[in-house]
Amino acid sequence: METFEKLQKQYYKVMADKAGLVVCTCGNMFELVASKADPHQRDDKGKKLSKEASLNMGQCRVRCNVCEKNFCGKCHEYPYHIGYTCEEYRFYKTTMYDRNG
Ligand SMILES: [Zn+2]
Ligand SMILES: [Zn+2]
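Taking numbering that gives the first Met the number 0, I'd label the letters of the sequence shown as residues 0 to 100.
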C-alpha cells in the first residue's frame, strides 16, 4: 500500500516538473536554467561532444547548490551523462544491461 508520504513526494515532483523546477535527491528544489551550449565541451575521456550532446548538456545539466551534485534535470540521471543526450544515454544503458545479462 502506498503511504501518504510517498504520494505526497510524487505529487511534489510532478508539480515541480510542471513549474520547470528540479528536485535533487537531497530534497533541494531549484529552477532548471538552461545555459548556452559550449562548443568546446569535452567528455571525461577528452573526446569532443557531438552537437546534440553539448546542446543537451547546456539545457539539462544542473548542479545542486546544497549537495553539489551534477545531474540531469531532464531524465534525473546522476551523475550527468556527459557525452550523451538523454535518449542516447537511455539506449546506451539498455544495451549495456543486455550485454551483462
Ligand atoms: Zn542536492
Ligand atoms: Zn538526461
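Backbone N, C-alpha and C fix where the C-beta goes; we use that ideal spot for every residue, glycine too. Computed from a predicted structure; not experimentally measured.
Query, Result
"Every unbroken beta strand (DSSP E) inside the segment 4-48 [3 residues or more]", "20-22, 28-30"
"Beta-carbon proximity of Thr-84 to Asn-55, cut-off 8 Å", "yes"
"For ligand 1, residues whose Cβ lies under 7 Å from any non-hydrogen atom", "Cys-23, Thr-24, Cys-25, Asn-27, Cys-63, Val-65, Cys-66, Lys-68"
"Through-space distance from Glu-1 to Asn-69, alpha-carbon basis", "30 Å"
"Exposed unless 16 or more other CB atoms sit within 10 angstroms - verdict on His-80", "buried"
"Asn-69 - containing beta strand (DSSP E), residue span", "69-71"
"Length of the line joining the Cα atoms of Cys-63 and Thr-24", "9 Å"
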